[in-house]
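To start, the structure under review is shown below, and the notes come after it.
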Amino acid sequence: MCGFSGWICFCSDISEFQDVITKMTDVLSHRGPDEEGYYITKHALLGHKRLTIIDPEGGKQPMIKFHGQEKFIIVYNGELYNTQELRAKLQSLGYHFSSYSDTEVVLTSYIQWKEECVKYLNGIFAFAVFNETKNELFISRDHLGVKPLFFSIKNDNFIFASEIKALLKHPLISTKVNKEGIFELIGLCPARSPFSAIFKDIIELPPAHYVVYSEDRYEIKEYWQLKPEKFDNTVDETIEIVKNLVTDAITRQLVSDFEICCFLSGGLDSTIITTISTNQLRKEGRRLKSFSIEYKDNVKYYKSNQYQPTLDSTYAKIASKSIGTDHIVVEIDNELLCNALTLATVANDLPGMADIDSSLLLFTNQVRKYAKVALSGECADEIFGGYPWYWREDYKNFETFPWSPSLEFRKNLLSQKYSKSELEEYVNSKYKESVGKVNYLDSDSQEDVRHRILYYLNVKWFMVTLLNRKDRMSMANSLEVRVPFADYRIVELLYNVPWKIKYLKNMEKGLLRCSFEGIIPDEIKNRKKSPYPKTYNPEYLKKTKEKVLEIIKDNSPIFEIIDKTYLKIITDKEYFPLDKPWFGQLMTLPQFFGYIIQLDYWAKTYNVDFE
14 MCGFSGWICF
24 CSDISEFQDV
34 ITKMTDVLSH
44 RGPDEEGYYI
54 TKHALLGHKR
64 LTIIDPEGGK
74 QPMIKFHGQE
84 KFIIVYNGEL
94 YNTQELRAKL
104 QSLGYHFSSY
114 SDTEVVLTSY
124 IQWKEECVKY
134 LNGIFAFAVF
144 NETKNELFIS
154 RDHLGVKPLF
164 FSIKNDNFIF
174 ASEIKALLKH
184 PLISTKVNKE
194 GIFELIGLCP
204 ARSPFSAIFK
214 DIIELPPAHY
224 VVYSEDRYEI
234 KEYWQLKPEK
244 FDNTVDETIE
254 IVKNLVTDAI
264 TRQLVSDFEI
274 CCFLSGGLDS
284 TIITTISTNQ
294 LRKEGRRLKS
304 FSIEYKDNVK
314 YYKSNQYQPT
324 LDSTYAKIAS
334 KSIGTDHIVV
344 EIDNELLCNA
354 LTLATVANDL
364 PGMADIDSSL
374 LLFTNQVRKY
384 AKVALSGECA
394 DEIFGGYPWY
404 WREDYKNFET
414 FPWSPSLEFR
424 KNLLSQKYSK
434 SELEEYVNSK
444 YKESVGKVNY
454 LDSDSQEDVR
464 HRILYYLNVK
474 WFMVTLLNRK
484 DRMSMANSLE
494 VRVPFADYRI
504 VELLYNVPWK
514 IKYLKNMEKG
524 LLRCSFEGII
534 PDEIKNRKKS
544 PYPKTYNPEY
554 LKKTKEKVLE
564 IIKDNSPIFE
574 IIDKTYLKII
584 TDKEYFPLDK
594 PWFGQLMTLP
604 QFFGYIIQLD
614 YWAKTYNVDF
624 E
């Protein structure tokens with residue numbers, strides 16, 4: 014994977030400002046430590062940092078290609094999984110290639126099909142193509158949002174980058190956060206609305222969108238949507254289709270000129286990926302390394318609960334032994350976990366999922382010592398129905414985001430400076446806006462409609478949150494993580510599979526379980542879903558609480574947007590004042606304190622200006 018930045022200005026000569034694009038690109042070195050490159054011209058400055066995965070010599074960027082009288086330059090971050098098919102198609106149309114990199118295939122696809130090129134791409138990507146001859150820029154992001162892309166338009170300047178930190182290096186972009194951004198931080202985070210990057214001057218390009226920018230045109234368009242279709246396949250046919258499609262998605266993602274590995278928690282999703290990967294690599298005479306995460310003394314303090322019924326450690330060993338991987342357990346120290354909250358904030362450029370972030374940051378740091386590429390099981394829960402809000406009555410009929418039911422708690426947290434009713438209206442409007450975009454069939458029952466709504470919300474909100482987290486924490490360690498379940502073909506299929514088939518045998522992800530019966534161990538196939546592991550060690554809670562108390566004494570800038578009195582009440586309580594996690598399945602009191610620590614560090618380190 015890679016990182017890139019760019020600055021386009023058609024009204025003046027910006028070529029003398031190479032120092033700006035250099036600063037923007039330098040802060041992305043973690044995304045691409047192997048090489049850097051720049052393209053400097055009168056109206057365009059492009060910078061690129063490369064993590065070399067495929068075609069070390071032929072994939073250098075920025076990449077330039079001429080076609081007829083036109084000159085095109087691309088900066089690209091991603092991995093294309095249909096490179097060979099697409100190259101063959103373009104060759105049949107008369108194009109020639111000088112490399113075997115997917116970068117050249119993406120650029121040539123744009124030259125041939127312009128904006129329509131994204132409809133031919135299967136992969137994870139964010140890229141920008143500048144047509145120097147016509148003075149036109151095209152930027153785009155993959156279907157599900159695996160790879161990030163942010164931009165800003167300031168005084169006829171179009172500025173873009175892979176991460177927020179790069180944009181903030183541009184002198185035109187401020188650290189102002191307006192009321193809308195504050196409502197995002199308190200009312201919705203760690204999730205964010207489509208287009209929101211919290212900072213007033215910055216826009217996140219949503220998944221499945223592109224932008225065309227020229228002297229006389231500025232257009233944002235969604236190029237891919239979930240479309241409802243009648244589903245006529247039998248259960249057995251559906252099982253076979255899912256098995257073949259998932260297997261194909263995994264196999265396609267095993268292409269790399271460097272060491273590749275798998276995350277293996279011992280859960281259903283990661284075990285399927287690791288099994289298919291191992292079988293494929295074994296044919297090539299290669300042996301796979303697998304990795305799982307554990308926390309110091311977690312077994313000692315863990316108690317089974319409805320959200321995390323079992324620990325991973327036993328099942329990861331069962332899966333690894335059955336599959337035949339070289340398995341490595343990465344143990345996370347709780348003090349280090351707490352201290353890494355700030356590192357995770359910088360990786361994300363925003364407060365995020367607290368130790369759910371920092372643990373992944375520490376984990377991928379260790380994995381990177383062994384491999385450059387990893388496969389991970391994210392996104393299966395969102396599309397196969399793994400979360401409790403898909404089947405539990407007290408969740409699935411919430412008239413709000415089901416992973417964030419604690420709006421009253423969030424309103425109480427908001428500073429008296431802002432209107433609590435406005436916060437509620439803001440959150441509700443975002444929910445209703447999303448629900449209003451759901452497409453369904455006239456023949457759909459009321460239950461069918463509700464499941465389509467839940468599916469859409471999960472794909473467009475919760476999945477994006479987890480994919481953002483995965484990208485920032487792994488790329489902070491220069492590790493490329495691929496997510497086979499985020500193949501848009503699988504997502505399209507499952508939007509139309511009825512819930513009764515997804516919930517086969519009255520088990521969450523029942524369809525996925527049945528699709529790989531006999532392929533993965535029964536102990537794993539029948540294991541009840543257990544989410545990403547978190548620490549249960551009271552030492553972590555103690556340390557995060559101590560840090561929050563220091564923040565309260567320090568009179569942090571976050572008290573412009575947070576009610577200090579209410580926060581103090583929470584620190585005085587022995588238990589969290591909610592019967593459900595305040596976000597997702599994992600974020601309870603320790604993670605809430607972690608979020609406050611991240612918010613404080615972010616506000617100070619980024620010199621945030623709350624309007």
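Just so you know, the working numbering puts 264 at position 251 of the sequence shown, and the rest follows in order with no gaps.
Glycine included, C-beta positions come from ideal geometry on N, C-alpha and C.
For residue 99, the three-state secondary structure derived from DSSP is helix.
Rounded to the nearest angstrom, the gap between the Cα atoms of residue 239 and residue 289 is 27 Å. Within the same chain, 263, 275, 388, 390 and 497 come within 7 Å of residue 286 by CB-CB distance, once the 5 residues on both sides are set aside. Rounded to the nearest angstrom, the Cβ distance from residue 509 to residue 242 is 5 Å, consistent with a contact under 8 Å. Per DSSP, the continuous beta strand (DSSP E) segment holding residue 226 begins and ends at 222–227.
Counted as a single uninterrupted DSSP element, the stretch harbouring residue 407 is not any beta strand (DSSP E) but the alpha helix (DSSP H) occupying residues 406–409.
Pairing residue 108 with residue 124 gives a Cβ-Cβ distance under 9 Å.
Around residue 487, the same chain offers 377 and 494 as residues with beta carbons nearer than 6 Å, after the five sequence neighbours per side are excluded. Among the bridge pairs identified by DSSP, residue 137 is matched with 92. Beta-bridge analysis with DSSP links residue 322 to no other residue.
Residue 223 sits close to residue 234, with the two beta carbons spaced by under 9 Å. Shortest Cα-Cα distance from residue 155 to any of 164, 133, 167 and 523 involves 133. Residue pairing for residue 20: DSSP places it in a beta bridge opposite 58 and 172. When secondary structure is reduced to three states using DSSP, residue 311 falls in the helix class. Residue 61 and residue 51 have their C-alpha atoms some 6 Å from each other.
Within the same chain, and ignoring the five residues on either side of residue 571 in sequence, the residues whose Cβ sits closer than 6 Å to its Cβ are 612, 613 and 616. Between residue 507 and residue 513, the C-beta spacing is not below 9 Å. Every alpha helix (DSSP H) stretch that sits fully inside the stretch 506–555 and reaches 4 residues is listed by chain position as 512–515, 523–528 and 535–538. The shortest CA-to-CA distance from residue 177 to any of 401, 73 and 161 is the one to 161.
With a 10 Å radius around the Cβ and a threshold of 16 neighbouring Cβ atoms, residue 499 comes out buried. With contact defined as three or more Cβ pairs closer than 8 Å, the stretch 42–56 and the stretch 206–224 are not in contact. Looking at the DSSP output, residue 78 shares a beta bridge with 85.
A check of alpha carbon separations from residue 578 across 534, 429, 594 and 531 identifies 429 as the nearest. As a beta-bridge residue in DSSP terms, residue 427 pairs with 575. For residue 463, no beta strand (DSSP E) segment is defined; the enclosing uninterrupted segment is the alpha helix (DSSP H) at 459–470.
For residue 275, the enclosing beta strand (DSSP E) stretches over residues 273–276.
Between the alpha carbons of residue 41 and residue 179 lies a distance of about 7 Å. The secondary-structure analysis by DSSP pairs residue 152 across a beta bridge with 141 and 224.
By the CB criterion at 9 Å, residue 533 and residue 329 fall outside the cutoff. In the three-state reduction of the DSSP assignment, residue 196 falls in the helix class, which pools H, G and I. Contact between residue 64 and residue 47 holds, since their C-beta atoms are separated by about 6 Å, short of 8 Å. Straight-line spacing of the CA atoms in residue 608 and residue 558 works out to 11 Å. With fewer than three CB-CB distances shorter than 8 Å, the stretch 180–191 does not count as touching the stretch 141–160. In the DSSP assignment, residue 165 falls within the unbroken beta strand (DSSP E) covering 163–167. Cβ-Cβ distances below 8 Å link residue 518 to 526 and 527 in the same chain, with the five nearest sequence neighbours on each side left out; the list follows chain order.
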